[in-house]
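One line per chain: the protein sequences are A and B, in this order.
Position one of the first sequence corresponds to residue 21 (our numbering), numbered consecutively onward.
Position one of the second sequence corresponds to residue 103 (our numbering), numbered consecutively onward.
We put the CB at the ideal spot given by N, CA and C, even for glycine.
Working notes, structure below.
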Amino acid sequence: MKVTSIEIHSSEGAGQALESNNRPAEGKKEPVSWEEIDGENTILLRRTLRSCQSIRYPGHIVIMGDVNPGAEVVAGGNIIVMGNLRGVAHAGAGGYEGALVAAFRLNPSQLRIANHFTRAPDGNYPEPQQPEIARVSGGTLIIENYHSGSSKLFNL
Amino acid sequence: MGEVIVVTSGKGGVGKTTTTANIGTGLAVMGNKVVLVDTDIGLRNLDVVMGLENRIVYDIVDVVTGNCRLKQALIKDKRFEDLFLLPAAQTKDKTAVSEEQMRELTQQLKEEFDYVIIDCPAGIEQGFKNAIAGAQRAIVVTTPEVAAVRDADRIIGLLEAALLAEPKLIVNRLRPSMVKKGDMMDIDDMIEILAIELLGVVPEDEAIVISTNKGEPAVLDKQSKAGEAYRNISKRITGEHVPLMNLEADGFFRRLRRLFGA
Ligand SMILES: Nc1ncnc2c1ncn2[C@@H]1O[C@H](COP(=O)(O)OP(=O)(O)O)[C@@H](O)[C@H]1O
Ligand SMILES: [Mg+2]
């Protein structure tokens, strides 16, 4: 199986550039094309992404760690975080609406799937207490509890 | 052979210089031979905090450019025989020193001293890279504010990338009353995000301001809470096990209560 570019970088302002708007995350980088999402094309990251670090991958991304505030994850396919997702996540970055974002604690400052966009409410809000999953349904981005049946969604 | 410890933060004004002066002095009180290195070139103030400003003749740039010998530039503290300061240059900028030069300098210093404590400038540019170049351990200072913690996280990422593993955290300027009211981030929240070991918590304390102006580190002031926190931190640096002070423990008690569902 062809593993295309994986890039973990830590560059000046990588996090901040995204905070204020809903531009697609590509910037100067190669756009992630959804044709490249073959069901198995997945990268496993065994670390925490800290502020201003980011990972972009054309396939799926699984992170065994946290995604801290100010960090960014961009995938052509799904994003699964086994820890606390507090930064920015963009699944289906090439336009694939079937992409999902699941996290042990789904607490992103900004969440995008394909061209849909949502952000954390301003001010204080209660943190999630259980794993959750975000997806596009009926043209909007929805977030629901992750339960034993939810894994079926990954096969769509 | 001594140890080189860099004190860093990302954000400015969170207490790197205060921390460097206090743990350096604290370690000297315990009988260690210590040198403090100010790498904040162009914005030096460790000399002021130590009350040694009027003694500066040569500085770090003079040393690395061979303008003087290392011994000539080291300023002896007025209170302790075995405490020295290598001041930053005031008139140059941060590119006046290279990472390679810093590695050589710290190598030389740790042959003479038990502890080489490096005061890092704010930011992530050349000054930061210079400050960490020769270090074996890192202390990250933050205040209980979202922006400072964000920068600390960034810095920890850069330290990890530079293979300066397992940096330790100091939380400075904590105000327990504000934490109690929920108006300030508590220790738990910070540790949960940063996921590094806590070296100590220093409370907000007027004694720091007074001592800074007098050029006398608060660690010498037996009445000061911040001084006590810095004495504890100094001991922990040498490997001594010192439990967290009452005020330091506030956050942990909260977690206990949370576990019990109260
Ligand atoms: N625990 C504290 N309580 C009160 N004031 C403090 C404390 N720590 C630092 N300060 C003050 O904050 C200011 C910035 O501290 P400094 O050590 O110079 O920060 P940095 O070196 O990170 O820029 C100084 O005026 C200092 O006196
Ligand atoms: Mg300073």
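Output yes if chain D places a C-beta closer than 8 angstroms to the C-beta of residue i; else output no.
i             : result
residue 290/B : The chain inventory of the structure shown lacks chain D, comprising the protein chains A and B.
Quick check: does the Cβ of residue i come within less than 7 angstroms of any heavy atom belonging to ligand 1?
i             : result
residue 117/B : yes
residue 328/B : yes
residue 339/B : no
residue 311/B : yes
residue 193/B : no
residue 224/B : yes
residue 305/B : yes
For residue i, count neighbouring Cβ atoms within 10 angstroms of its own Cβ and tell me buried if that reaches 16, exposed if not.
i             : result
residue 316/B : exposed
residue 136/A : buried
residue 110/A : buried
residue 71/A  : buried
residue 284/B : exposed
residue 84/A  : exposed
residue 172/A : exposed
residue 96/A  : buried
residue 339/B : buried
residue 167/B : exposed
residue 168/A : exposed
residue 86/A  : buried
residue 344/B : exposed
Measuring only the C-alpha atoms, how far is residue i from residue j?
i             : j             : result
residue 158/A : residue 126/A : 21 angstroms
residue 221/B : residue 145/A : 38 angstroms
residue 174/B : residue 332/B : 30 angstroms
residue 230/B : residue 200/B : 11 angstroms
residue 236/B : residue 264/B : 11 angstroms
residue 249/B : residue 311/B : 23 angstroms
residue 212/B : residue 219/B : 10 angstroms
residue 119/B : residue 243/B : 10 angstroms
residue 149/B : residue 155/B : 5 angstroms
residue 66/B  : residue 329/B : Residue numbering for chain B in the displayed model covers 103 to 364; residue 66/B lies beyond these limits and cannot be assessed.
residue 131/A : residue 260/B : 25 angstroms
residue 308/B : residue 275/B : 10 angstroms
residue 180/B : residue 254/B : 33 angstroms
residue 216/B : residue 282/B : 40 angstroms
Spell out whether any CB of chain A is found under 8 angstroms from the CB atom of residue i.
i             : result
residue 113/B : no
residue 105/B : no
residue 341/B : no
residue 323/B : no
residue 184/B : no
residue 386/B : Past the boundaries of the shown model lies residue 386/B; chain B is included only from 103 to 364, so the question cannot be answered.
residue 259/B : yes
residue 285/B : no
residue 297/B : yes
residue 347/B : no
Can you find a CB in chain B that lies within less than 8 angstroms of the CB of residue i?
i             : result
residue 135/A : no
residue 70/A  : yes
residue 73/A  : yes
residue 89/A  : yes
residue 66/A  : no
Would the beta-carbon of residue i be found less than 7 angstroms away from any heavy atom of ligand 4?
i             : result
residue 115/A : This structure lacks ligand 4; the ligands present are ligand 1 and ligand 2.
Given 7 angstroms as the limit, tell me if residue i has its C-beta closer than that to any heavy atom belonging to ligand 2.
i             : result
residue 221/B : yes
residue 161/B : no
residue 142/B : yes
residue 147/B : yes
Which runs of the beta strand (DSSP E) spanning at least 3 residues fall entirely within the stretch 168 to 241 of chain B, listed in chain order?
185 to 188, 217 to 221
Which runs of the alpha helix (DSSP H) fall wholly inside the stretch 256 to 311 of chain B and span at least 4 residues, in chain order?
278 to 282, 289 to 296
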